[in-house]
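Protein chains in written order, with the numbering used here: chain A, 259 to 479; chain B, 259 to 479. The beta-carbon is built from N, C-alpha and C at its ideal position, and this holds for glycine as well. I have placed the structure first, in the form of structure tokens, so that the comments after it can refer back to it.
Number of protein chains: 2
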Amino acid sequence: MKVLLVDDDATLRRALGIGLRAEDHEVLIAADGRSALQAVREDRPDVVVLDLGLPDVTGVEVLRQLRAWSTVPVVVLSARAESTEKVQALDLGADDYVTKPFGMEELLARIRAAARRAGSDIPVLEAGDLVIDLPARRVTRRGDVVRLTPTEWGLLEMLVRTPGRLVSQRDLLHEVWGPAYGRETNYLRVYVGGLRKKLEDDPAQPRHLITEAGMGYRFEI
Amino acid sequence: MKVLLVDDDATLRRALGIGLRAEDHEVLIAADGRSALQAVREDRPDVVVLDLGLPDVTGVEVLRQLRAWSTVPVVVLSARAESTEKVQALDLGADDYVTKPFGMEELLARIRAAARRAGSDIPVLEAGDLVIDLPARRVTRRGDVVRLTPTEWGLLEMLVRTPGRLVSQRDLLHEVWGPAYGRETNYLRVYVGGLRKKLEDDPAQPRHLITEAGMGYRFEI
DNA sequence: CATCGGCGTCAGGAACGCGTCAAGACCGGC
DNA sequence: GCCGGTCTTGACGCGTTCCTGACGCCGATG
Chain A
259 MKVLLVDDDA TLRRALGIGL RAEDHEVLIA ADGRSALQAV REDRPDVVVL
309 DLGLPDVTGV EVLRQLRAWS TVPVVVLSAR AESTEKVQAL DLGADDYVTK
359 PFGMEELLAR IRAAARRAGS DIPVLEAGDL VIDLPARRVT RRGDVVRLTP
409 TEWGLLEMLV RTPGRLVSQR DLLHEVWGPA YGRETNYLRV YVGGLRKKLE
459 DDPAQPRHLI TEAGMGYRFE I
Chain B
259 MKVLLVDDDA TLRRALGIGL RAEDHEVLIA ADGRSALQAV REDRPDVVVL
309 DLGLPDVTGV EVLRQLRAWS TVPVVVLSAR AESTEKVQAL DLGADDYVTK
359 PFGMEELLAR IRAAARRAGS DIPVLEAGDL VIDLPARRVT RRGDVVRLTP
409 TEWGLLEMLV RTPGRLVSQR DLLHEVWGPA YGRETNYLRV YVGGLRKKLE
459 DDPAQPRHLI TEAGMGYRFE I
């Protein structure tokens, strides 16, 4: 599981990082709000641990911007137990709120809980005559199984994880082909074409795999 | 029979473990919810004994997660006799609910009962002219018994436990050959070939043991 | 109207993964 | 020790998947 750790305190980062890695999580680090937002967009972590006391932007502001487009579970850390801030954070879509000082075990537990809650949101997605079962890795169209190659799966999975939402070309390439393939948009054209041929009634008039010229693609239910 | 024991209390684990092993069960241990879910996925126990008072996630949450994809019988242990929690657990698919303190004999009986009930739930899987009886470790094809080697059985069992669902090469190797055989996909090719020869009408055109190139295999009913 | 950038399509050829086979190693029972 | 069954291992052919470049279309731009 990928965990993004947003905190300006190097000591705390180090301690949490050790604990998280001990549980086989992949740990990403961001020391300020700007890079935190960038990291969520580019690396798609499964959970974000966000300290409200950041140097540049307030943590609350980071959370607000994040929630404009992402549903990634966020566990908020704060030195203050003040009710107002806590309410504010939870209203903005934080999944949990942990007050310092806290036990490492408790935090790890809350992170796991948040990730698990989020992970079981959409087991199968139905879109018209398509049924997309992500955990089973199975797509059916009007009841018939559709066979996809691994690359086609990676692309479809990335799009389907945020239905209706635009996913940039850069992020798609980053996720499916790796960070090095920053601007090879021809891959995308070829594979989106392949997916449309397999999934759409009329590949020339796609209803699900929508192009946003110059930006990316979105999966429309 | 494989029993997964999920409890954070080492004393209780030890006591139950002795009792279960005395009845010729194979006992697996998990001390928290996360490893419990992992253990069910990877080791496919026949019964799960789940203590609701776990350190990380609530036992109820573990149960909910589990039921998203597994039908393994679960016997719940709890210190509280509160009706709400009990109802909640049973609603989520627990097969039995045991309140502490309990007698060892009682618990063992309930475990046996749960396993028996579950065993008669899906005793056999019928797929075309195949009948696969997991508890009896027996496969028949058009009424004739098919002889399988231990490795072939392990592979088939892993695939058949989640019909229609893709099982990754990694998980198959992990379960049948052990964690060390992370990328020896040649084993899989050889043994899937052997199974097809024994189970499929036309091994070159398999209808049940389906390959998903680069990803894994699935058992199609 | 001409140009340009972005998208969709297609069709090789390369690279990879899969199925098969057979020889040898290993391990049990006798 | 011998024998049968089982598992491992490597090699080979073949089909699938992936990459790559070329081309046409379309809308935007000047």
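Contact under 9 Å by Cβ, residue i with residue j
| i | j | result |
| --- | --- | --- |
| Leu431(A) | Leu446(A) | yes |
| Ala273(A) | Ala289(A) | no |
| Thr420(A) | Val450(A) | no |
| Ile369(A) | Val330(A) | no |
| Val286(A) | Pro303(A) | In the sequence as presented, Val is not what sits at residue 286(A); that position holds Leu. Their beta carbons are under 9 Å apart, which means Leu286(A) touches Pro303(A) by this criterion. |
| Leu308(A) | Val264(A) | yes |
| Leu414(B) | Leu365(B) | no |
| Val404(A) | Asp391(A) | no |
| Arg476(A) | Gly412(A) | no |
| Leu206(B) | Ala347(B) | Nothing in the structure corresponds to residue 206(B), since chain B is present only between 259 and 479. |
| Glu319(A) | Gly291(A) | yes |
| Arg271(A) | Leu310(A) | no |
Local conformation of residue i per DSSP, three classes
| i | result |
| --- | --- |
| Gly428(B) | It is Arg, not Gly, that sits at residue 428(B) in the sequence shown. Note: Arg428(B) maps to helix in three-state DSSP. |
| Arg476(B) | strand |
| Val320(B) | helix |
| Val345(A) | helix |
| Leu366(A) | helix |
| Ser378(B) | Confidence in Ser378(B) is poor, its pLDDT being 45 and thus under 50, which makes the residue's placement unreliable; the coordinate value appears in the next sentence. It is helical. |
Distance between residue j and residue i (C-alpha atoms, nearest Å)
| i | j | result |
| --- | --- | --- |
| Asp379(B) | Glu458(A) | Low confidence applies here, because Asp379(B) scores a pLDDT of 48, under 50, leaving its location unreliable; read the following figure in that light. Distance between the alpha carbons of Asp379(B) and Glu458(A) is about 39 Å. |
| Thr357(A) | Ala280(A) | 23 Å |
| Met416(B) | Thr409(B) | 11 Å |
| Arg400(A) | Phe360(B) | 52 Å |
| Gly474(A) | Ser293(A) | 22 Å |
| Asp354(B) | Ala372(B) | 7 Å |
| Met362(B) | Gly275(B) | 11 Å |
| Arg395(A) | Glu384(A) | 14 Å |
| Asp301(A) | Arg428(A) | 11 Å |
| Met259(A) | Asp402(B) | 46 Å |
| Thr316(A) | Arg299(A) | 19 Å |
| Ile479(B) | Val434(A) | 31 Å |
| Val418(A) | Val389(B) | 36 Å |
| Lys456(A) | Leu467(A) | 11 Å |
| Pro437(B) | His283(B) | 22 Å |
| Ala266(A) | Lys344(A) | The question names Ala, yet the displayed sequence has Asp at residue 266(A). Straight-line Cα distance between these residues: approximately 20 Å. |
| Arg441(B) | Gly472(B) | 12 Å |
| Ser426(B) | Leu406(A) | 15 Å |
| Leu295(A) | Ala367(A) | 24 Å |
| Val306(A) | Pro461(B) | 48 Å |
| Thr443(B) | Leu424(B) | 16 Å |
| Ala297(A) | Trp327(A) | 14 Å |
| Thr398(A) | Thr342(A) | 48 Å |
| Arg465(A) | Tyr439(A) | 28 Å |
| Val448(A) | Asp349(A) | 42 Å |
| Gly386(A) | Asp387(B) | 34 Å |
| Gln463(A) | Pro393(A) | 29 Å |
Short-range partners of chain A found in the segment 289 to 309 of chain B, where Cβ spacing is below 9 Å = Interface annotation for the segment 289 to 309 of chain B against chain A: Asp290, Gly291, Arg292 and Leu295, criterion Cβ-Cβ distance under 9 Å.
Give, in chain order, every unbroken run of the beta strand (DSSP E) that is at least 3 residues long and sits entirely within the segment 384 to 462 of chain B.
-> Complete beta strand (DSSP E) runs here, min 3: 388 to 391, 396 to 399 and 402 to 404.
Taking any Cβ of chain B, which residues in the segment 395 to 422 of chain A have a Cβ under 9 Å from it, in chain order?
-> The residues in question are Arg395, Arg396, Val403, Arg405, Leu406, Thr407, Pro408, Thr409 and Trp411.
4-residue-minimum alpha helix (DSSP H) runs that sit fully inside the segment 260 to 317 of chain B, ordered along the chain = Those alpha helix (DSSP H) runs which fall completely within the segment 260 to 317 of chain B and span 4+ residues are 268 to 280 and 291 to 301.
Using a Cβ-Cβ cut-off of less than 7 Å, give me the residues of the segment 427 to 444 of chain A that come near chain B, in sequence order.
-> Of all residues in the segment 427 to 444 of chain A, none has a C-beta nearer than 7 Å to a C-beta of chain B.
Taking a cut of 9 Å between CB atoms, which residues from the segment 320 to 338 of chain A lie near chain B?
-> Taking 9 Å as the upper bound on Cβ-Cβ separation, chain B lies near no residue of the segment 320 to 338 of chain A.
In the segment 461 to 478 of chain B, which residues sit with their C-beta less than 9 Å from some C-beta in chain A, listed in chain order?
-> Within the segment 461 to 478 of chain B, the residues whose Cβ lies closer than 9 Å to any Cβ of chain A are, in chain order, Ile468, Glu470, Ala471, Gly472, Met473, Gly474, Arg476 and Glu478.
Residues from the segment 269 to 283 of chain B in contact with chain A, defined by Cβ distance under 8 Å = From the segment 269 to 283 of chain B, no residue has a Cβ closer than 8 Å to chain A.
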